[in-house]
Structure formats: structure tokens, C-alpha cells
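Note sheet for the following structure.
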Amino acid sequence: MSGAGLLSVVHRGLRRPETLDLARRLLVIPADRIRLTNHPVGMPAAAFNPALLAIDGELIVYPRVVLGYYKYVSSVAELHVPLSEALEGRLREVYEAKIVVAPSNRYDLWGAEDPRITQCRGGYCMVYTGRTLNYFDPKARHEKTLPVMAFSPDLAQWSKQAVFVPHPSIREWLISDKDAYIFETGGGTLFFHRPHVSGEGFHTLISSVDAKMLGRTGGGADPVEVEVGEPLLAVEKERFEDKIGWSTPPVEVEPNRYLVFLHAVGRRMKVYRVFALLLHISGSDVEAEAVSPAYVMEPREIHETYGDRPYVVFPCGAALVDDQLLISYGGADSVVALASFEASSLVHLVDKGRLA
14 MSGAGLLSVV HRGLRRPETL DLARRLLVIP ADRIRLTNHP VGMPAAAFNP ALLAIDGELI
74 VYPRVVLGYY KYVSSVAELH VPLSEALEGR LREVYEAKIV VAPSNRYDLW GAEDPRITQC
134 RGGYCMVYTG RTLNYFDPKA RHEKTLPVMA FSPDLAQWSK QAVFVPHPSI REWLISDKDA
194 YIFETGGGTL FFHRPHVSGE GFHTLISSVD AKMLGRTGGG ADPVEVEVGE PLLAVEKERF
254 EDKIGWSTPP VEVEPNRYLV FLHAVGRRMK VYRVFALLLH ISGSDVEAEA VSPAYVMEPR
314 EIHETYGDRP YVVFPCGAAL VDDQLLISYG GADSVVALAS FEASSLVHLV DKGRLA
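Whatever position you read off the sequence shown (first residue = 1), add 13 for the working numbering.
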């Protein structure tokens with residue numbers, strides 16, 4: 014990426030095109046079990062790629078919902094699943110949900126997609142992919158999508174506050190930026206994202222961002238543009254992959270050791286699989302310690318292999334409950350799904366891919 018002073022790179026050649034699927038499938042919630050309480054169209058056409066929070070014995074799930082297929086415009090809804098029911102795989106007849114983030118400005122006019130949520134600034138930060146005004150414009154070749162951040166102090170209401178943009182020197186070359194979230198550390202704020210730059214392809218990066226800029230208000234309807242800082246770490250795709258991207262925000266599994274999932278798209282069949290990365294985060298420093306030598310999840314169930322986009326598992330949320338690492342994911346761009354990993358076993362596997 015032009016002008017980038019990378020401090021660390023997870024190079025290709027560390028992973029194999031093999032899968033050791035460790036995920037225990039727990040629950041699948043199809044769109045026809047979801048009722049939107051704050052929109053006249055009570056049932057979404059599809060719900061998938063959900064963020065996740067685990068609070069006081071309850072899972073709060075934030076799926077991307079689509080009302081129709083003409084332009085496939087998405088919003089973000091909220092629904093609740095008791096943890097005990099999720100672990101037992103008990104599906105309710107109906108899950109009441111409400112839309113909490115909907116398209117409203119030039120940065121997300123054509124959709125709010127694939128949210129990730131982290132704790133930040135004494136509350137919660139949701140970063141989602143905004144389909145900009147340029148998305149369907151054939152004359153506009155750049156900034157088709159940008160990461161947008163909404164903030165909530167208590168999960169009662171969300172306000173859009175920031176949109177993340179690159180340095181002016183490369184902004185005119187940015188085609189899109191996706192798979193993003195922010196993560197507060199003891200010494201700063203990290204920005205995980207996957208920019209697509211014209212002539213350079215995709216970059217899976219952890220960059221710096223000035224946290225002071227996130228609380229600004231522009232006084233208008235649009236969120237404030239926040240310039241992304243220098244990249245701190247990059248992860249390279251393997252030769253057998255078309256592209257990779259961040260999936261779930263970091264979960265602390267040991268002191269200062271955080272596990273994150275990434276998704277990878279196969280070069281030939283475009284199958285979406287999942288691998289894991291262990292990061293050491295201390296203050297403002299971030300270092301990749303290990304990467305899983307094989308994929309840890311791949312499409313195998315019918316709700317993962319058949320849908321609007323076949324053969325896709327796409328995690329967006331993770332939460333550690335005892336030794337169970339719970340994830341929320343989209344199956345084949347069609348359903349909301351939950352799964353779990355035994356955290357200790359997963360960390361043991363990833364540690365086999367220790368980086369020199």
C-alpha cells in the first residue's frame with residue numbers, strides 16, 4: 014500500500030489448504046423466525062452476518078437484514094437469544110427484533126452491512142460497511158464502500174459518528190474498505206480493516222487511528238470523516254486464496270493474548286473458510302504471535318453450503334463464556350447462526366503455527 018510503513022507482516026506460506034473444523038454448530042435462526050417490530054415489513058427477506066455481545070447470560074445478536082432483493086439494501090437489527098437456549102440449540106418460534114441502524118447518509122445510502130461491535134469510550138462502537146452513494150454509479154469507480162462507526166453508551170440507541178477514510182495521497186485510488194472494526198487498547202485505538210486499492214488489490218491491515226477524532230460531531234447529518242493512520246500489521250493471503258479479511262474482533266484468551274478469526278475466499282471455488290490468528294497486544298503495541306496452520310471452520314451444513322451465496326461461513330462476532338468461544342456467523346448469506354469452539358483446544362492448535 015503506497016506510503017505505508019509496515020512494522021510487521023504475517024507472510025504467506027504459513028498455512029495449508031486443509032481444514033480441521035473445530036466448530037460445534039449450536040443454533041440457526043432463519044429470516045422467517047424474525048419479526049421486525051419497528052418496520053411495516055415485519056419479516057426480512059434475509060438475515061445474516063451478525064455481530065455478537067454476551068451480557069448477563071444473554072446473547073445480543075446484530076444481524077444484517079435485507080427487506081428485498083431489488084437493490085439488496087441492508088440495515089442492522091438487534092435480537093436477543095438466552096445463552097442457555099443457544100447452548101442447547103433450542104430455536105424459538107419467533108425472535109422479536111428491531112432495526113437499530115439504517116441507511117441515512119451519503120456514506121451508507123445503499124446499505125449498512127456486516128457489523129462488528131466492540132466496547133469503547135465507555136460504551137459500544139459498531140463499525141459496519143457502508144455502501145456509499147457511489148456504489149451503483151458506473152461513473153464513480155472509487156469509494157464504493159467505507160467503514161462507518163455508530164456509538165451507543167448503553168445499547169439503547171445508536172448514533173453515527175465517524176466514517177473512516179484513507180490518507181489523501183491514496184484516497185482517490187480506494188475502491189472499497191470492508192471487514193472493519195476498532196479495538197481499544199491500554200495505549201491507543203487499533204483499526205482493523207481490509208482496503209481494496211486500485212492497481213494494488215486487497216490489504217488486510219491493522220492500522221492506527223486517533224481516538225480523539227472519534228468523538229467529534231460535524232453538526233450535520235453525515236458522520237465526521239476520520240483519517241486512518243499508518244498500518245501497524247498486515248496479513249498476507251496464501252497463493253491458494255483469492256482474498257482474506259477480518260472476521261471477529263479480538264477476544265482475550267490469555268493475559269495480553271487475543272484470538273481473532275479471519276475469513277479466506279478460495280481461489281478456485283470461492284468457498285469462504287475461517288482461520289485464526291493470535292495477537293499479543295500490550296499498550297499501543299500489536300504483534301502477531303501465531304496463525305492456525307489449517308482452516309478451523311468451513312461450510313459443511315446445508316445452511317452453509319446452500320443459500321444466496323453458496324459455501325459461505327462468515328463470522329462477525331465472538332464472545333468468551335467460560336472455556337467456550339462463541340461466534341455468530343452468517344450461513345450462505347441467508348441465515349443467522351451460532352457456533353462454539355473449545356477455547357483451550359483452539360489456542361493449542363493456533364500455537365502450532367508460531368511465527369518466528
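Yeah, the Cβ is synthetic: ideal placement off N, Cα and C, and Gly gets one too.
- In the three-state reduction of the DSSP assignment, HIS24 falls in the coil class.
- Annotation: the continuous beta strand (DSSP E) that includes LEU351 extends over 348-355.
- A straight-line Cα-Cα distance of about 28 Å links ASP127 and SER357.
- Rounded to whole angstroms, the separation of the alpha carbons of ALA224 and SER297 is 12 Å.
- Under the three-state reduction of DSSP output, SER341 falls in the strand class.
- Collapsing the DSSP output to three states places THR318 in a helix.
- With contacts defined as CB atoms closer than 9 Å, GLU267 and VAL363 fail to qualify as a contacting pair.
- Apart from sequence neighbours up to five positions away, the residues of its chain that approach ASN269 with a beta-carbon distance below 7 Å are HIS293, ILE294 and SER295, ordered along the chain.
- Within the segment 252-338, the complete alpha helix (DSSP H) runs of at least 4 residues fall at 315-318.
- Per the C-alpha coordinates, the member of VAL178, LEU146 and ARG77 positioned closest to SER88 is ARG77.
- For the pair PRO116 and PRO57, the Cα-to-Cα distance works out to about 16 Å.
- Between the segment 121-139 and the segment 92-110 there are fewer than three C-beta pairs closer than 8 Å, too few to call the two in contact.
- Where SER172 is concerned, there is no enclosing alpha helix (DSSP H), although the beta strand (DSSP E) around it starts and stops at 172-178.
- The Cβ-Cβ distance between LYS365 and ALA277 does not fall below 9 Å.
- Secondary structure of GLU101 (DSSP, three-state): helix.
- Cβ contact annotation for VAL239 (same chain, cutoff 6 Å, sequence separation greater than five): ALA175, PHE177 and MET226, in chain order.
- In the DSSP assignment, ARG207 falls outside any alpha helix (DSSP H) and lies within the beta strand (DSSP E) extending over 201-210.
- The segment 79-97 and the segment 202-211 do not touch, with fewer than 3 CB-CB distances between them shorter than 8 Å.
- Secondary structure at ARG46: helix, using DSSP grouped into helix, strand and coil.
- Using a Cβ-Cβ distance cut-off of 8 Å, the segment 19-38 and the segment 302-316 are in contact, since at least three pairs of beta carbons, one from each stretch, lie closer than that value.
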